[in-house]
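Counting along the sequence shown from 1, when you hit position 134 you're at 227 in the working numbering, and nothing is skipped either side. Built from N, CA and C at the ideal position, the CB exists for glycine as well.
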Amino acid sequence: MKYIDLHLHSNFSDGTLSPSEVVFRAADLGLSAIALTDHDTVSGVPEALSAALSMEPEDRITVIPGAEITAGYLGRDIHILGLFLDYRHPALNQALDETVRLRDLRNEKMAENLRRAGIPVTVEALREMEPRTVITRAHFARFMTMHGYVRSNQEAFDKYLGSDTPYYVKREYLEPANVIHLIHEAGGLAVLAHPLLYRYSLENTEILIARMKKLGLDGLEVIYSSNTGFDEGYLRRFANRYDLVMTGGSDFHGSNKPQLEIGIGKGNLKVPETLLEPLKEHLRR
94 MKYIDLHLHS NFSDGTLSPS EVVFRAADLG LSAIALTDHD TVSGVPEALS
144 AALSMEPEDR ITVIPGAEIT AGYLGRDIHI LGLFLDYRHP ALNQALDETV
194 RLRDLRNEKM AENLRRAGIP VTVEALREME PRTVITRAHF ARFMTMHGYV
244 RSNQEAFDKY LGSDTPYYVK REYLEPANVI HLIHEAGGLA VLAHPLLYRY
294 SLENTEILIA RMKKLGLDGL EVIYSSNTGF DEGYLRRFAN RYDLVMTGGS
344 DFHGSNKPQL EIGIGKGNLK VPETLLEPLK EHLRR
């Protein structure tokens, strides 16, 4: 049995490894295929593809171009994975660039709030840490930890960056329908990422899935690092009920989420390669 991982982040968003390092690490761990799914960007995909092509043919790993795109749902954010994307598609890149612009405006406001709280952070300083990256709250957390304002990234979120803190700034989101349309325009599959991570009841999770299906959702991330107990069973049932293809991934972020490893998550994750054929079949419809 061969295994894959269809949810990975590099330092082009809030991961800490470069796209090449992600590819080589996944290959060393024996995976046959991965998807690079950085937040709201496909900028790391060319490097990942080049890294795979640089390997000997017998060792080469398949890299699936992807992105994890944020959308708004009932005043909160949800994440939709785009898999098998044409990462050069003009409309997709234009929309993602606008998303990053709005994120940058939000980051400026959040940095200003933190400076008022006595933490001298600037977006420029965050960019010096990761010049190519899309700045996220994880970068604020790393800055505060590195400079001794908090003891850990988790403390930074608990005290300063979480949505229930006075320093938090709400994001402007794309509509789910627009995200799904963009993914389809770019030739990809739209997959709802980690459906149970939004902390809805099972009933409301199913309502979310049903609404996304009506908008054209293709798949559901069924196998995921934080699943416990009957979680995967519930998600498989929803996927079958709404005729959604199944995916799985670790949500690897490097040292920003040190408890998660490529391909195995917290140690109990296995995403079989056999999931790839139904995904490709769905693409051919």
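If you drop the 5 nearest sequence neighbours on each side, which residues of the same chain put their C-beta closer than 7 Å to that of residue i?
{"i": "Ala234", "result": "Asn246, Ala249, Phe250 and Leu254"}
{"i": "Leu295", "result": "Tyr327"}
{"i": "Lys252", "result": "Val243 and Thr258"}
{"i": "Val138", "result": "Leu129, Pro158 and Tyr180"}
Which residue from the options puts its Cα closest to that of residue i?
{"i": "Gly342", "options": "Arg264, Gly159 and Asp179", "result": "Gly159"}
{"i": "His287", "options": "Met239, Ala332, Ser103 and Glu223", "result": "Ala332"}
{"i": "Arg377", "options": "Gly360, Glu354 and Val338", "result": "Val338"}
{"i": "Ile173", "options": "Val364, Ile273 and Asn320", "result": "Ile273"}
{"i": "Ile276", "options": "Glu161, His100, Val227 and Val116", "result": "Glu161"}
{"i": "Leu289", "options": "Ala283, Leu282, Gly281 and Ile300", "result": "Ile300"}
Can you look up residue i in the DSSP assignment and give me helix, strand or coil?
{"i": "Glu268", "result": "coil"}
{"i": "Leu191", "result": "Checking the displayed sequence, the identity of residue 191 turns out to be Glu instead of Leu. Correct three-state label for Glu191: helix."}
{"i": "Glu140", "result": "helix"}
{"i": "Val62", "result": "Because the chain is modelled from 94 through 378, residue 62 falls outside the range shown and cannot be assessed."}
{"i": "Met203", "result": "helix"}
{"i": "Met339", "result": "strand"}
{"i": "Asp98", "result": "strand"}
{"i": "Pro371", "result": "helix"}
{"i": "Pro365", "result": "strand"}
{"i": "Val227", "result": "coil"}
{"i": "Thr298", "result": "helix"}
{"i": "Leu290", "result": "helix"}
{"i": "Glu149", "result": "coil"}
Kindly list the residues whose CB is nearer than 6 Å to the CB of residue i, restricted to its own chain and excluding five residues on each side of it in sequence; keep chain order.
{"i": "Ala270", "result": "Leu308"}
{"i": "Glu57", "result": "In the structure displayed, the chain extends from 94 to 378; residue 57 sits before or after that span and is not available."}
{"i": "Glu223", "result": "Asn104"}
What is the residue span of the alpha helix (DSSP H) that residue i lies within?
{"i": "Met237", "result": "Arg230 to Met239"}
{"i": "Val116", "result": "Pro112 to Asp121"}
{"i": "Gly326", "result": "Asp324 to Arg334"}
{"i": "Glu248", "result": "Asn246 to Ala249"}
When you measure from the CB of residue i to every non-hydrogen atom of the ligand NAD, does any distance come out below 7 Å?
{"i": "Asp170", "result": "No copy of the ligand NAD occurs in the structure displayed, which carries no ligand at all."}
So residue i and residue j are in contact, right, with Cβ under 8 Å, and what is the actual spacing, rounded?
{"i": "Leu285", "j": "Leu313", "result": "5 Å"}
{"i": "Leu122", "j": "Ile97", "result": "In fact, because the Cβ distance is near 11 Å, the residues do not count as touching under 8 Å."}
Quick one: give me the first and last residue of the beta strand (DSSP E) that residue i is part of.
{"i": "Asp170", "result": "Arg169 to Leu176"}
{"i": "Ala283", "result": "Leu282 to Leu285"}
{"i": "Ala279", "result": "Looking at the DSSP string, Ala279 is not in any beta strand (DSSP E), and its letter there is neither H nor E."}
Between which residues of its own chain and residue i is the CB-CB distance below 8 Å, once the five residues before and five after are set aside?
{"i": "Arg329", "result": "Val315 and Met339"}
{"i": "Arg118", "result": "Leu110 and Ile355"}
{"i": "Asp170", "result": "Thr163, Ala164, Arg264 and Tyr266"}
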